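Asks: Here the sequence shown is numbered in my numbering, starting from 163 and rising by one per residue.
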Amino acid sequence: MKKALIGTLLALSAILVVTLSVSAAPSVKKNKPGPFEGTFQGTVYGDNGSKAPITLNLRHRGEDVSGTVSLGSGLYIDGGFCGAGYVPASTQVASGKTLAKKPNELSAASKFKVSGVSVRLLLDGEISPDGEVIEAKAKVDLPWLCGGDPVITGTLVEI
């Protein structure tokens, strides 16, 4: 159960790198690409010095951002007393909306249940002014009895 909990948390963390309420200036036209447009590759870092490759393929039109996130193997998450384990490699579909107030920042929160336990994922990130680099940090907000909350960080560059 602990491995399933941690594995699911990690997969959801990776997915939320894209399924976030992205904050970026909306395009004037629905057909014109926004700043979250293109393919971004990089590395995400977890616990015990672990890391995994990640690729985001994003399409940004108007206020809508959609695409896929592909996480490779190697990311390890330690959920304290709730267990630890490697996040399985996977590819997921994701979508979000942009906001005009903070054009280079992104923020998202999601709540879900894993094995009957409520867990929140809090994501903060920033895209460079030229739209070529995304810096992201995701915190898995576990119940207090688990111990500390795992943090996943990553840097992705447009290719």
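Note that the Cβ used here is the ideal one computed from N, Cα and C, for glycine as well.
The structure displayed is predicted, hence computed values, not measured ones.
Hey, K259 and E225: beta-carbon distance below 8 Å or not?
Replies: Cβ distance < 8 Å, so K259 and E225 count as in contact.
Asks: Where does the unbroken beta strand (DSSP E) through V249 begin, and where does it stop?
Replies: Element bounds for V249: n/a, residue is neither H nor E.
Asks: Go ahead and pull the three-state DSSP assignment for L307.
Replies: Correct three-state label for L307: helix.
Asks: So, V206 versus G316, is the Cβ gap smaller than 8 Å?
Replies: In this structure, G316 lies closer than 8 Å to V206 by Cβ.
Asks: Would you check if the distance between the CB atom of L261 and the CB atom of V249 is smaller than 8 Å?
Replies: Their beta carbons are not under 8 Å apart, which means L261 does not touch V249 by this criterion.
Asks: Going by the beta-carbon positions, is the gap between A298 and L285 smaller than 8 Å?
Replies: Yes. Within cutoff.
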